[in-house]
Structure formats: C-alpha cells, structure tokens
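Beneath this line is the structure, given in structure tokens, with notes to follow.
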C-alpha cells in the first residue's frame with residue numbers, strides 16, 4: 001500500500017503540472033500565431049497521452065525506492081504492529097517517512 005499511495009500522489013501532482021504546461025504552450029502558440037488554425041482532435045489526444053505517459057514515468061523512482069518496513073526498535077518497544085513507509089537507502093527520518101498501523 002505504501003508504494004501505491006506514494007506513487008499515486010506523485011503521479012497526480014505531475015499530471016496536474018504537465019497539463020498546465022501543455023495548456024500554457026497551446027496559449028503561447030495561439031498568441032504567437034493568431035491566424036493559424038487550432039489543433040485537431042488527434043493532436044489533442046496525442047498531447048493528452050504524452051502528458052499521462054510522462055507523468056507516469058517521472059515518479060517511477062518513487063515506486064522503486066519506497067518500501068514498507070517495521071524498524072527493529074519499534075518492534076522492541078511497541079506491542080502493536082507499527083510500520084513506516086521509507087526510502088530503501090537507509091534509516092527513516094521524519095521528513096521521508098509515513099507511519100501506518102496494522103491491527
């Protein structure tokens with residue numbers, strides 16, 4: 001769940017950002033060449049596919065490097081199951097972890 005949630009959050013941010021970039025680019029071209037015809041439906045669909053493809057590809061390292069883990073000191077101190085979502089590179093810090101409880 002940790003991997004899916006962190007990846008989905010990143011994808012949604014990138015989809016929003018890249019969509020705004022595509023809209024801005026379209027408006028720029030419309031201002032630069034006011035007499036040129038608008039884009040076709042096929043071009044619009046290709047841009048949408050490109051935005052989604054790049055947005056799905058960009059945060060891929062997040063999905064690859066995330067893992068759900070139960071640190072040993074939490075196992076020793078707590079009777080319940082407490083997990084943290086962290087990067088695979090080392091120990092969790094408050095800024096790069098999300099804690100989840102499983103009963």
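In the working numbering, the protein residues as written are 1 to 103.
Glycine is no exception: its CB is placed at the ideal position from the N, C-alpha and C atoms.
Here the structure is a predicted model, which is why all the values come from computation and not from measurement.
Query                                                                                         : Result
Residue 56 in three-state terms, based on DSSP                                                : helix
Same chain, Cβ closer than 8 Å to residue 10, five either side skipped, listed in chain order : 58, 59, 62
Within 8 Å, strictly: CB atoms of residue 51 and residue 8                                    : no
Status (buried if at least 16 other CB within 10 Å, exposed otherwise) for residue 55         : buried
Rounded straight-line distance, which links the Cα of residue 68 to that of residue 5         : 11 Å
From 65, 26, 18, residue whose alpha carbon lies closest to that of residue 49                : 18
Three-state secondary structure (DSSP) of residue 19                                          : helix
For residue 61, three-class secondary structure by DSSP                                       : helix
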